[in-house]
Structures are given as C-alpha cells and as structure tokens.
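To start, the structure itself, in structure tokens.
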Amino acid sequence: MSVRLAVAADVEALAEVAAVTFALACPPSTKPEAIADFIATVLSAQAFQGYLADPRRTLLVSEEAPGGPLAGYTMLVAGEPADADVAAAIRIRPTTELSKIYVREGSHGRGAAGELLVRSLDAARDAGAAGMWLGTNEENARARRFYAKHGFEPVGTKRFRLGDRYEHDVVFERPL
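All residue numbers for the sequence shown refer to the working numbering, where the first residue is 1 and numbers rise by one.
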C-alpha cells in the first residue's frame with residue numbers, strides 16, 4: 001500500500017473513487033437521487049480541482065501499488081470549523097477536519113483506511129494542528145468502530161444536509 005499527496009492528474013480518479021464509495025457511508029434510507037446529486041456537485045472532478053487548489057485542504061491518496069489505481073483518499077481541512085455545533089463541541093485547537101476518508105469496497109480490511117488515517121494524522125500534526133475532528137453518520141456503525149479504534153472520541157453531534165433532508169452525524173475528535 002502506498003500513500004501520497006494527491007496531484008492535479010488525480011482529479012478524475014478521485015472523482016471515480018468518490019462516486020463508488022460515497023453511498024457506502026450513507027444510511028440505507030438515503031434516496032438514490034440525493035446520493036447522485038451529492039456526487040455530481042460535491043465529488044465531481046471539477047470539485048476536486050477546486051479542493052486541490054484550496055490551500056486549507058490536503059488530499060492524500062492510497063494506491064495498491066505506486067502508480068496503480070487509487071484504492072482510496074482522504075481530505076483534510078485546516079482551520080476553525082464553519083459549523084457552529086462542531087465549533088462548540090470540539091475541545092482541541094488548532095484543529096483540522098478529516099472531511100473525507102473513503103476506500104473502495106475491495107480494499108476494505110486490507111489496511112488502506114488505517115494507513116490513510118495514520119498519514120492524515122501525521123499531515124495535520126506537521127501542519128501545526130493539535131487535534132483532528134470528523135463527523136460520521138450516526139447509523140454508520142462500521143465507521144464509528146473504526147474511528148474509536150484509532151483514538152477518536154464522540155464529543156457532539158451535527159446535522160448534514162443530503163438531498164431534501166438532514167442526516168445526523170456524530171462528531172468525533174482526538175488529540176494529535
């Protein structure tokens with residue numbers, strides 16, 4: 001498994017991984033149209049171009065072998081959270097959000113997510129963050145176990161708009 005910083009040449013592959021992995025984190029009740037709209041607007045190649053150009057964001061990619069297809073990715077967002085519920089819940093500053101961590105289903109259980117997370121923690125620490133936070137859907141038991149295993153603790157809740165309804169996320173945090 002190889003983890004590296006994402007580059008402009010990765011935008012199409014990032015969008016493709018995002019398109020096949022986003023639904024894995026959604027509650028079963030999520031409407032397919034809401035998932036498709038989110039992918040088209042937030043996880044498109046054009047969106048990833050913007051993310052890569054944003055100096056507050058760091059994107060890391062995981063490859064099964066150097067130069068091979070992407071197994072997954074993470075996106076970090078440095079700085080104070082814009083969401084008031086998150087800002088009130090987290091305790092450690094300066095902070096970095098683990099905005100996205102997605103791994104292809106075929107790479108689950110092979111260490112890709114763990115390695116991406118370790119490298120993301122390192123990147124946030126190297127950039128001066130003292131803590132990291134994330135939000136995950138309250139129904140995503142697998143993700144919640146994964147984050148707890150890696151030292152994250154629940155500290156609050158927030159809402160996440162997906163389609164025409166709000167989902168409820170658990171906010172996790174851990175020191176770096």
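No residue lacks a Cβ here, since even glycine has one placed at the ideal position from N, Cα and C. Predicted model, so just to flag it, every value in this text is computed and none were measured.
> Around the Cβ of Glu167, are there at least 16 other Cβ atoms within 10 angstroms (buried) or fewer (exposed)?
Replying inline: Counting from 1 along the sequence shown, the entry for residue 167 is found at position 167. So Glu167 ends up on the buried side.
>> Within 10 Å of its beta-carbon, does Arg104 have 16 or more other beta-carbons around it, so buried, or fewer, so exposed?
In response: Within the sequence shown, residue 104 is the residue found at index 104, counting from 1. Answer is buried; the Cβ neighbour count reaches 16.
> From which residue to which residue does the alpha helix (DSSP H) around Asp54 run?
Replying inline: Position 54 of the sequence shown, counting from 1, holds the residue named residue 54. That residue, Asp54, is in no alpha helix (DSSP H); it is neither H nor E in DSSP.
> By DSSP, does Leu24 sit in helix, in strand, or in coil?
Replying inline: As a first step, residue 24 is located in the sequence shown; it is residue number 24 there, counting from the start. The DSSP-derived three-state label of Leu24 is helix.
> When the Cα of Glu16 is compared with those of Leu5, Arg4, Ala36, Ser2, which residue comes out closest?
Replying inline: Counting from one through the sequence shown, the residue named residue 16 turns up at place 16. The candidate whose alpha carbon is nearest that of Glu16 is Ala36.
> Taking the DSSP output, what are the residues bridged to Ile101?
Replying inline: Reading the sequence shown from its first residue, position 101 is the one you call residue 101. Bridge partners of Ile101: Thr74.
> Which of the three DSSP states, helix, strand or coil, is assigned to Arg93?
Replying inline: In the sequence shown, residue 93 corresponds to position 93, counting from 1. Of the three classes helix, strand and coil, the one that applies to Arg93 here is coil, per DSSP.
>> Please identify the residue among Pro28, Ala6, Arg93 whose C-alpha is closest to the C-alpha of Tyr51.
In response: Taking the first residue of the sequence shown as position 1, residue 51 is located at position 51. It is Ala6 whose Cα lies nearest to the Cα of Tyr51.
> Using a Cβ-Cβ cut-off of 8 Å (strictly less than) and excluding sequence neighbours within five positions of Thr136, which residues of its own chain qualify?
Replying inline: The residue you call residue 136 lines up with position 136 of the sequence shown. Once the five neighbours on either side are set aside, the close Cβ partners of Thr136 are Ala25, Ala143, Arg144, Tyr147, Asp169, Val170, Phe172.
> Do you know how far the Cα of Glu97 is from the Cα of Ala124?
Replying inline: Here residue 124 refers to the residue found at position 124 of the sequence shown. Here residue 97 refers to the residue found at position 97 of the sequence shown. Between Ala124 and Glu97, the C-alpha separation is close to 9 Å.
>> If we require 3 or more residues per run, which beta strand (DSSP E) segments fall completely within the segment 104 to 141?
In response: Those beta strand (DSSP E) runs which fall completely within the segment 104 to 141 and span 3+ residues are 131 to 137.
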